Amino acid sequence: FFFEDKMLRFLRSLALLATASAYSSSPLHRASSAAASVQKDECIDQLRLPTDRRAVLAHIAALASALAISQPACSADVVQSQGTLEERSVQNSLAPPPYGMEVSDIFYPPAFQGSWKAISKTTDIIAPCGFELFTGGKAGYDSAVQTEVKEGNDLEYKARFVTLGGGENAGSTYVAADREYNAKEIAKAAMGAYSVVDTLVATPNRYSCVLAPPGGSTNLISVDILAIARKSESTISEKFICSEFVRQIVSPARRNNPNAPPVPPLSVKEIETISMYDVVGKDEIRCRQRTATFLVPSQTDPIAFKKWQLSQGKPVDVRYYDVVYTRAV
-4 FFFEDKMLRF LRSLALLATA SAYSSSPLHR ASSAAASVQK DECIDQLRLP
46 TDRRAVLAHI AALASALAIS QPACSADVVQ SQGTLEERSV QNSLAPPPYG
96 MEVSDIFYPP AFQGSWKAIS KTTDIIAPCG FELFTGGKAG YDSAVQTEVK
146 EGNDLEYKAR FVTLGGGENA GSTYVAADRE YNAKEIAKAA MGAYSVVDTL
196 VATPNRYSCV LAPPGGSTNL ISVDILAIAR KSESTISEKF ICSEFVRQIV
246 SPARRNNPNA PPVPPLSVKE IETISMYDVV GKDEIRCRQR TATFLVPSQT
296 DPIAFKKWQL SQGKPVDVRY YDVVYTRAV
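Just so you know, our numbering puts 312 at position 317 of the sequence shown, and the rest follows in order with no gaps.
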């Protein structure tokens, strides 16, 4: 499960770019446990994935919370009080994002420009719909908490923010995440140096890549990240808050056999990532990050459709991270 959790982190990281004891005593966890007990019936038993497919999906899942694949959100749009994004994160809102595609990209403050060393630490993992809808079930949850929270297996990677043309005004520029570079660096940290075979698209609204599973397998995996909604907020302080809601589609790579008939995706999920940045100084930025994973109804997979019904529109996996960026020398 350790690799599976790391791959899930990478996929959640692609979606954008407190401790287990505190979790176990929280009201939300008690509600989740109650929900889990209600779900332990014949219907849930029918929803259990075959062991082989679950293994495939679990390996795919640990890649999705540090990359921002995100008209751009301007960091100069100042708000005087706590914004809606911060409220969603602090209050752990279980409703789908209420905002839409408000901007065409994320405008980061000028202080972000340059190369950074990033350390991402998982501080809390929550299963709002119970363990039965959590990837890997109770065993997957326990493994994620053990490896990410208790053992502190932090994700360390390089990140880069660059200047791009096409800001709000004609001829202007803005600071954006280097999506392709950041994705490759996160993948190297989570899955190994040669995990990204190819990057097909790296734009604000779509990121597509081909991944090589561990162990030298030739069964390549295609990952598509499609932006659905995007929002950004700034405060009068050195805080910058942004969020993206994306659809993540994981499929067998067609390049294995381009002439083969289309096959259903292995996994389709929607992920909201809220990042609250504090510029501590010219060489350090701290970020509090929250990811919420939602299930998607399927017209071809009755198991996925039943799981979506059981989730009732709530996220099945919520995680909090503390990320520290230190400027690279």
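Beta carbons: idealized from backbone N, C-alpha and C, even for Gly.
In this text, all values refer to a predicted model and were calculated from it rather than measured experimentally.
Query	Result
Can you check the region 295 to 320 for any alpha helix (DSSP H) of at least 4 residues that lies completely inside it and give the ranges in chain order?	297 to 306
May I have a chain-ordered list of the alpha helix (DSSP H) segments no shorter than 4 residues that lie completely inside the region 152 to 194?	174 to 186
Am I right that Leu215 and Ala248 are in contact with their C-beta atoms under 8 angstroms? What's the rounded C-beta distance?	4 angstroms
Output yes or no for whether 8 angstroms exceeds the beta carbon distance between Glu151 and Ile114.	yes
So what does DSSP say about Gly132, is it helix, strand or coil?	helix
Please name the residue or residues paired with Glu265 in a DSSP beta bridge.	Arg242, Phe289
Can you grab the Cα-Cα spacing for the pair Lys153 / Pro257, in whole Å?	36 angstroms
Counting along the chain, where does the alpha helix (DSSP H) carrying Thr79 start and finish?	79 to 85
How should Thr295 be labelled, buried or exposed, when 16 other C-beta atoms within 10 angstroms of its C-beta is the threshold for buried?	exposed
Which term fits Thr288, buried or exposed, when burial requires 16 or more other beta carbons within 10 angstroms of its beta carbon?	buried
Out of curiosity, what's the CA-to-CA distance linking Val313 and Phe126?	12 angstroms
In angstroms, rounded to a whole number, what distance separates the CA positions of Leu128 and Ser138?	15 angstroms
Going by C-alpha to C-alpha distance, which of Ser229, Ile223, Pro297 sits closest to Glu267?	Ile223
Given that a residue counts as buried once 16 or more other Cβ atoms are within 10 Å of its Cβ, and exposed if not, what is Leu195?	exposed
Is it the case that the Cβ atoms of Ser190 and Ile101 are separated by a distance below 8 angstroms?	no
Taking 7 angstroms as the limit between beta carbons, can you name the residues of its chain near Thr79, skipping five residues before and five after?	none
Can you tell me whether Ser99 is helix, strand or coil according to DSSP?	coil
By alpha-carbon positions, which one of Val144, Phe240, Tyr169, Asp193 ends up nearest to Ala179?	Checking the sequence, you will find Lys at residue 179 rather than Ala. Comparing Cα-Cα distances from Lys179 to each of Val144, Phe240, Tyr169, Asp193, the minimum goes to Asp193.
Between Ser246, Cys124, Ala90, Asp317, which lies nearest to Gly147 when the distance is taken from Cα to Cα?	Asp317
What's the gap between the Cα of Met271 and the Cα of Ile280?	10 angstroms
Thinking C-alpha only, which one of Lys277, Leu305, Val311 is nearest Trp111?	Lys277
Nearest to Leu261 by CA position, among Ile244, Val275, Thr168, is which residue?	Ile244
Looking only at DSSP bridge pairs, what is Tyr202 linked to?	Ala197, Ile220
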